[in-house]
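J.: Residue numbers (this note's numbering): 33 to 151. Glycine residues also receive a C-beta, built at the ideal position from the N, C-alpha and C atoms.
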Amino acid sequence: MLSFMNITKAVSDENRIRILMALHAHDELCVCNINELLELAPSTVSKHLFLLKNARLVKVRKDGRWMHYRLNRGLEASKIVTQALDWIVQSVSDEPVIKADREKLARILSVSLETACCQ
Numbered sequence: 033m034l035s036f037m038n039i040t041k042a043v044s045d046e047n048r049i050r051i052l053m054a055l056h057a058h059d060e061l062c063v064c065n066i067n068e069l070l071e072l073a074p075s076t077v078s079k080h081l082f083l084l085k086n087a088r089l090v091k092v093r094k095d096g097r098w099m100h101y102r103l104n105r106g107l108e109a110s111k112i113v114t115q116a117l118d119w120i121v122q123s124v125s126d127e128p129v130i131k132a133d134r135e136k137l138a139r140i141l142s143v144s145l146e147t148a149c150c151q
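(1) What's the call for L107, buried or exposed, on a 16-neighbour Cβ count within 10 Å?
(2) Please report how far the alpha carbon of F82 lies from the alpha carbon of L69, in whole angstroms.
(3) Just verifying my parser: in three-state terms, what is the DSSP assignment at L103?
(4) Less than 8 Å between the CB atoms is what I'm expecting for L52 and L137, so what's the real figure, rounded?
(5) Helix, strand or coil for L117 per DSSP?
(6) In the region 40 to 94, which residue ranges form an unbroken alpha helix (DSSP H) of at least 4 residues, counting only runs that do not cross its ends?
(7) Work out the CA separation of S35 and I120 for me, nearest whole Å.
(8) Does the beta-carbon of R50 have 16 or more other beta-carbons within 10 angstroms, so that it is buried, or is it exposed?
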C-alpha cells in the first residue's frame, strides 16, 4: 500500500507530471535541463525529483557534480510503477503544456555542449 500512496502523491502535481513526460521523451535528462524547462527554483525542482524518486518512478545517476534522471523502466521497475507510467503517458501526451514542453526541451537540448550547464 505504501508504494501506491507514494505514487499517487508523486503524480498529484502538474510539474511532476511534466518532469515524467520530459523523461519519457528523452532517455535521460540532467537536473539543469529540468530546471530550465520548468523555470522553477532549483530547490523546488529538487523537491519534485525527490518525491518522484521516493515513489520509484525515476532513477538517478550521479556524474561528477551533476545528477541525471530517467524513468524507472525495465526489469527493475515494479508492476505498479510500470502501470502508473504507462497510464500517465497515455493520459497526458496530447496536453498543450506537454507539447509545449517537448518543443522547449528540444531547444534547451540543442544548445552546444560547451555552453550546457552539466557538461
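T.: Quick look at the numbers:
(1) With fewer than 16 Cβ atoms within 10 Å of its Cβ, L107 is classed as exposed.
(2) F82 and L69 have their alpha carbons spaced roughly 17 Å apart.
(3) Strand, per DSSP.
(4) No, L52 and L137 are not in contact; Cβ-Cβ is about 13 Å, not under 8 Å.
(5) Three-state DSSP puts L117 in a helix.
(6) Counting only runs of 4+ residues, the alpha helix (DSSP H) found wholly inside the region 40 to 94 occupies 46 to 57, 63 to 70 and 74 to 86, in chain order.
(7) Going by C-alpha positions, I120 is about 16 Å away from S35.
(8) With 16 or more other Cβ atoms within 10 Å, it is buried.
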